[in-house]
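Sequential numbering from 4 applies to the sequence shown in the working numbering.
In this text, a Cβ means the ideal position worked out from N, Cα and C, and glycines have one as well.
It should be emphasised that the depicted structure is a prediction, and the values quoted were computed from it without experimental measurement.
Working notes, structure below.
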Amino acid sequence: MRDPHNPPGKARKFVLAVLLAATTVLSLPVTVTAATAEGNPGTALAAKRLNITMQAQARTNWCWAAGGNTIAAWFGRSYTQNQFCNAAFNRQQGTDCPNWQATLGNVQNGLRWAGVTPGSYVDGWLRYATVQSEINANRPVETRIQWSSGGGHMHVLYGYDDANGWVYWGDPWPSSDRYNWASHAWYVDNGSFSWTHSLHRIGA
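As structure tokens, this is what we get:
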């Protein structure tokens, strides 16, 4: 699921601007390391990123499957996107899954089949504090976005940074940057897309 006008280019311009600004504050001290999160997921940290390996979607409509299978892999599972797709639609394994669009509810089916607690599927976006809590608990979040020009897509949130209110997300579209970041406010609603649905508490 992808907008043909490739709106993430705007996000990349935003990121470049932030990086230029960041070079002026490199001398500021870093107050926390990611390792701190392992012992107490309820503790608010300055920054944390999960070491996910974001998969590129194998078919044009499989952003949801790439995201869900990326999260399943994070939890130690090893399946193909085709297997995940078949599970998401309760299809027989060993067959070629169609190039279907899907909802986060289908992603839950795939995660459940993979032996991962499928989390909570909610309409709308998550507060920054909720994103923090999920990442601190070592749980990626799958999001559904709506392109301003029409159509939808899915991402995986895998980190945050308090210094700038950033969130980090993985994008499965093959020609897009696999790893991205911007402010939480920008990610919620910007000129390219808006965040419409969320799947969180995966693995809880």
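| Query | Result |
| --- | --- |
| With DSSP as the reference, identify every bridge partner of N183, one or two as the case may be. | W172 |
| Can you give me the Cβ contacts of F196 inside the same chain, cut-off strictly under 7 angstroms, excluding the 5 residues immediately before and after it? | P10, I148, Q149, W150 and S151 |
| Is it buried or exposed, N54, if we count other Cβ atoms within 10 angstroms and call 16 or more buried? | exposed |
| When burial is assigned at 16 or more other CB atoms within 10 Å of the CB, is T63 buried or exposed? | exposed |
| Report yes if the CB atom of L114 is closer than 8 angstroms to the CB atom of A75, and no otherwise. | yes |
| Looking at the unbroken beta strand (DSSP E) that takes in R147, where does it start and where does it end? | V144 to W150 |
| Straight-line CA distance for A49 to V119? | 28 angstroms |
| Run through DSSP, which three-state label would W209 get? | For residue 209 there is no data in the structure shown, the boundaries of the chain being 4 and 207. |
| Compute the Euclidean distance between the alpha carbons of A105 and V170, then round it to the nearest angstrom. | 24 angstroms |
| What is the DSSP secondary structure of W198, counted as helix, strand or coil? | strand |
| Can you give me the start and stop residues for the alpha helix (DSSP H) that A91 sits inside? | Q84 to A91 |
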